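Chains as they are written, first to last, in our numbering: chain A, 289 to 420; chain B, 289 to 420; chain C, 289 to 420; chain D, 289 to 420. Down below is the structure, laid out as structure tokens.
Protein chains: 4
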Amino acid sequence: MDITLIQAESIIEKAKAKAVEIDTKMNISVVDSGANQVAFVRMDGAWLGSADIALKKAKTARFFDMPTGEIGKLSQPGGSLYNIEHSNGGLISFPGGVPIKNSGGEIIGAIGVSGSTVENDHAVAVAGSQAI
Amino acid sequence: MDITLIQAESIIEKAKAKAVEIDTKMNISVVDSGANQVAFVRMDGAWLGSADIALKKAKTARFFDMPTGEIGKLSQPGGSLYNIEHSNGGLISFPGGVPIKNSGGEIIGAIGVSGSTVENDHAVAVAGSQAI
Amino acid sequence: MDITLIQAESIIEKAKAKAVEIDTKMNISVVDSGANQVAFVRMDGAWLGSADIALKKAKTARFFDMPTGEIGKLSQPGGSLYNIEHSNGGLISFPGGVPIKNSGGEIIGAIGVSGSTVENDHAVAVAGSQAI
Amino acid sequence: MDITLIQAESIIEKAKAKAVEIDTKMNISVVDSGANQVAFVRMDGAWLGSADIALKKAKTARFFDMPTGEIGKLSQPGGSLYNIEHSNGGLISFPGGVPIKNSGGEIIGAIGVSGSTVENDHAVAVAGSQAI
Numbered sequence: 289m290d291i292t293l294i295q296a297e298s299i300i301e302k303a304k305a306k307a308v309e310i311d312t313k314m315n316i317s318v319v320d321s322g323a324n325q326v327a328f329v330r331m332d333g334a335w336l337g338s339a340d341i342a343l344k345k346a347k348t349a350r351f352f353d354m355p356t357g358e359i360g361k362l363s364q365p366g367g368s369l370y371n372i373e374h375s376n377g378g379l380i381s382f383p384g385g386v387p388i389k390n391s392g393g394e395i396i397g398a399i400g401v402s403g404s405t406v407e408n409d410h411a412v413a414v415a416g417s418q419a420i
Numbered sequence: 289m290d291i292t293l294i295q296a297e298s299i300i301e302k303a304k305a306k307a308v309e310i311d312t313k314m315n316i317s318v319v320d321s322g323a324n325q326v327a328f329v330r331m332d333g334a335w336l337g338s339a340d341i342a343l344k345k346a347k348t349a350r351f352f353d354m355p356t357g358e359i360g361k362l363s364q365p366g367g368s369l370y371n372i373e374h375s376n377g378g379l380i381s382f383p384g385g386v387p388i389k390n391s392g393g394e395i396i397g398a399i400g401v402s403g404s405t406v407e408n409d410h411a412v413a414v415a416g417s418q419a420i
Numbered sequence: 289m290d291i292t293l294i295q296a297e298s299i300i301e302k303a304k305a306k307a308v309e310i311d312t313k314m315n316i317s318v319v320d321s322g323a324n325q326v327a328f329v330r331m332d333g334a335w336l337g338s339a340d341i342a343l344k345k346a347k348t349a350r351f352f353d354m355p356t357g358e359i360g361k362l363s364q365p366g367g368s369l370y371n372i373e374h375s376n377g378g379l380i381s382f383p384g385g386v387p388i389k390n391s392g393g394e395i396i397g398a399i400g401v402s403g404s405t406v407e408n409d410h411a412v413a414v415a416g417s418q419a420i
Numbered sequence: 289m290d291i292t293l294i295q296a297e298s299i300i301e302k303a304k305a306k307a308v309e310i311d312t313k314m315n316i317s318v319v320d321s322g323a324n325q326v327a328f329v330r331m332d333g334a335w336l337g338s339a340d341i342a343l344k345k346a347k348t349a350r351f352f353d354m355p356t357g358e359i360g361k362l363s364q365p366g367g368s369l370y371n372i373e374h375s376n377g378g379l380i381s382f383p384g385g386v387p388i389k390n391s392g393g394e395i396i397g398a399i400g401v402s403g404s405t406v407e408n409d410h411a412v413a414v415a416g417s418q419a420i
């Protein structure tokens, strides 16, 4: 079971609504279960450099089936996954990427959000993920 | 003057409608005047490999402010721009990418479409570009 | 529905048997429906440079859901997809990659083979794909 | 003297058996003495992002003829090899990669494992390496 474009678009709409609610401008990416991008938007005035970060967060969340911030806790100097970010053409390991599950609890993709503080990025990603 | 996300989304909606009308499954990318992606969708069942091609077509169309197929005419063996595709991290020089102009005739971005024959890709890109 | 490792291993066994039968040394790669590698082997004495080609053939076959050689017919100078190989981090568009379908006809992955003539590469890929 | 495919396959079988024994899902890569991949498998349900990490661990172990974790001790901030991970297209310097020696003690390749904690990854890599 893979994510559909209609699901991806509803995820992005929810994420955008949350971004507006907390007065931020975000880049939002959704990938499928194969970590391939399904949909992307950059809100007007959002950071240009956050487009690639949003995609890498979505990919990272699906690559390891966990929120990106969890990886970042382990990839610090002295941590067990130090410098894991050098793999897969570049990971992003701070918050803002979360897996997306269907009603059966199966992971069907992931969302990545970038454009504000990592707390805001994460909040918008979670809001988007709850569209499913 | 740059393209807005609302404009990009209306371009994608028009392009999707055209894709459905001619019974194709497309990857559709819209970039702004800086050749940075603003919005992207992959229709259900569309080729995975066409996502990167759609983006590269949009970028190529904006990089040179002309439809991608025009560049392909010049990049053939013996042509004046032979193998220009090696630049910019990879260009796509066959049809499916077209610039997007505002009502004043100013280029504000570009659309790239991939997923069918180049004739269909171009037709969907043109349909999308006419949303503005 | 995605390919399992057991399926991928049986595909590789069949492909290896065919390679031995026709007295060739092959690199053989199998990817899943998301174009991510599931299994790979390089036979003793096979060309080192063919490992990446085998993977790129498998990816290319899944990216466009057709044998790689079909793309190569269209990507020649003057063809409608000229220089498409510059996309997706490098495509391989000569024979040796074929999609893999399940009993229901659904594409669940692809196999890529490299190490001999393209005719031999293709024959080994087809033999492998028939394990499913 | 280089590793054979039959040796690489027996290494992978041993590693898979260990992974099953400790209830983990692993990506397992074996490289030869030239640090070129000989065989690879991704177990069903294993992390997608661990495929590249498994390969990079195997390469890293052979690049420097020591377990990957040893390099990680030296690549920390302030360490003598700080950020060595930037070389060779990306190293992985946490545990899970170990050299493979023949009966004469000569290094003939390396194994890299990724998919669980680094302790588990290392245990599976060691188990695999003992097939020779």
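No residue lacks a Cβ here, since even glycine has one placed at the ideal position from N, Cα and C. Small disclaimer: the values here were computed from a predicted structure and weren't measured.
So, do the region 301-311 of chain B and the region 336-344 of chain A have three or more beta carbon pairs nearer to each other than 8 Å?
In short, these stretches do not touch, since the Cβ pair count stays below three.
According to a CB-to-CB cut-off of less than 8 Å, which residues of the region 310-322 of chain C neighbour chain D?
Correct list: 322.
Can you pull the chain D neighbours of residue 366(A), defined as C-beta to C-beta under 7 Å?
Residues of chain D passing the Cβ test: 364.
On the CB-based measure, 16 or more other CB atoms within 10 Å of its CB, does residue 391(C) come out buried or exposed?
It is exposed - the Cβ of residue 391(C) has fewer than 16 other Cβ atoms within 10 Å.
Start and end of the beta strand (DSSP E) containing residue 389(B)?
Segment 385-389, the beta strand (DSSP E) holding residue 389(B).
With a Cβ-Cβ cutoff of 9 Å, do residue 412(D) and residue 314(D) count as a contact?
Their beta carbons are under 9 Å apart, which means residue 412(D) touches residue 314(D) by this criterion.
Tell me the residue span of the beta strand (DSSP E) that contains residue 396(D).
Annotation: the continuous beta strand (DSSP E) that includes residue 396(D) extends over 395-402.
State the Cα-Cα distance for the pair residue 357(C) and residue 382(C), rounded to the nearest angstrom.
A straight line joining the alpha-carbon of residue 357(C) with that of residue 382(C) spans about 4 Å.
Own chain partners of residue 293(A) with C-beta closer than 8 Å, once the 5 adjacent residues on each side are dropped:
Closer than 8 Å at Cβ, skipping near neighbours: 326, 327.
Is residue 397(A) closer than 9 Å to residue 316(A) when the C-beta atoms are compared?
Contact annotation: residue 316(A) and residue 397(A) have beta-carbon atoms that are not nearer than 9 Å.
Just how far apart, CA to CA, sit residue 365(A) and residue 359(D)?
Taking the CA atoms as reference points, residue 365(A) sits about 13 Å from residue 359(D).
Give a yes or no on whether the C-beta atoms belonging to residue 402(D) and residue 345(D) are separated by under 9 Å.
Yes, the pair counts as a contact, with Cβ atoms nearer than the cut-off.
Would you say residue 383(B) lies against chain C (beta-carbon separation less than 9 Å)?
At least one CB of chain C lies nearer than 9 Å to the CB of residue 383(B).
Can you tell me whether residue 371(A) is helix, strand or coil according to DSSP?
It is coil, neither helix nor strand.
Using the three-state DSSP reduction, which class does residue 353(C) fall into: helix, strand or coil?
Reduced to three states, the DSSP call for residue 353(C) is coil.
Between residue 371(B) and chain C, is any beta-carbon pair separated by less than 9 Å?
Output row for residue 371(B): interface = yes.
Would you please verify whether the beta carbon of residue 336(B) is less than 9 Å from any beta carbon of chain C?
Chain C has a Cβ within less than 9 Å of the Cβ of residue 336(B).
Is residue 326(C) close to chain D, meaning its C-beta is less than 9 Å from at least one C-beta of that chain?
Contacts with chain D at 9 Å (Cβ-Cβ) include residue 326(C).
Interface residues of chain C around residue 350(D) at Cβ under 7 Å?
By Cβ distance, chain C contributes nothing, its closest Cβ being about 14 Å from residue 350(D), past 7 Å.
Chain A contact residues for residue 344(D), given Cβ-Cβ distances below 8 Å
What residue 344(D) touches in chain A: 374, 375.
Contact set between residue 353(A) and chain D, taken where Cβ atoms lie within less than 7 Å:
For residue 353(A), the neighbours in chain D by C-beta distance under 7 Å run, in chain order, 335.
Chain-ordered residues of the region 398-414 of chain D with a beta carbon less than 9 Å from chain A
Taking 9 Å as the Cβ-Cβ cut-off against chain A, the residues of the region 398-414 of chain D that qualify are 402, 405, 406, 407.
When you compare the CB of residue 308(D) with every CB in chain C, is at least one pair closer than 9 Å?
No - not a single Cβ of chain C is within 9 Å of the one on residue 308(D).
I'd like to know whether the C-beta of residue 332(D) is nearer than 9 Å to at least one C-beta of chain A.
So no, residue 332(D) is outside the interface.
What does the alpha-carbon distance come out to for the pair residue 369(C) and residue 330(C)?
About 31 Å.
Within 10 angstroms of its Cβ, does residue 353(D) collect 16 or more other Cβ (buried), or is it exposed?
Its Cβ having fewer than 16 others within 10 Å, residue 353(D) is exposed.
Taking residue 400(B) and residue 343(B) to be in contact with their CB atoms under 8 Å, please state how far apart those CB atoms are, rounded to whole angstroms.
So it is a contact: roughly 6 Å between Cβ atoms.
Tell me the rounded alpha-carbon separation between residue 394(A) and residue 384(B).
Distance between the alpha carbons of residue 394(A) and residue 384(B) is about 36 Å.
Close beta carbons around residue 349(D), own chain, < 7 Å, minus the five adjacent residues each side:
If the five residues before and after residue 349(D) are omitted, its C-beta is found closer than 7 Å to the C-beta atoms of 355, 356, 385, 386, 387, 398, 400, all from its own chain and listed in chain order.
Beta carbon of residue 371(C), beta carbon of residue 363(C): below 9 Å?
For residue 371(C) and residue 363(C), yes; Cβs fall inside 9 Å.
Exposure of residue 341(A), with buried meaning 16 or more beta-carbon neighbours within 10 Å
Answer is buried; the Cβ neighbour count reaches 16.
Just checking: is the beta-carbon of residue 389(A) within a distance shorter than 9 Å of some beta-carbon in chain D?
Cβ-Cβ to chain D under 9 Å: no for residue 389(A).
Determine the burial state of residue 418(D): buried for a count of at least 16 other Cβ atoms within 10 Å of its Cβ, exposed for fewer.
Result: exposed.
Could you name the residues of the same chain whose beta carbon sits closer than 7 Å to that of residue 295(C), not counting the 5 residues immediately before and after it, in chain order?
Within the same chain, residue 295(C) has close Cβ partners 420.
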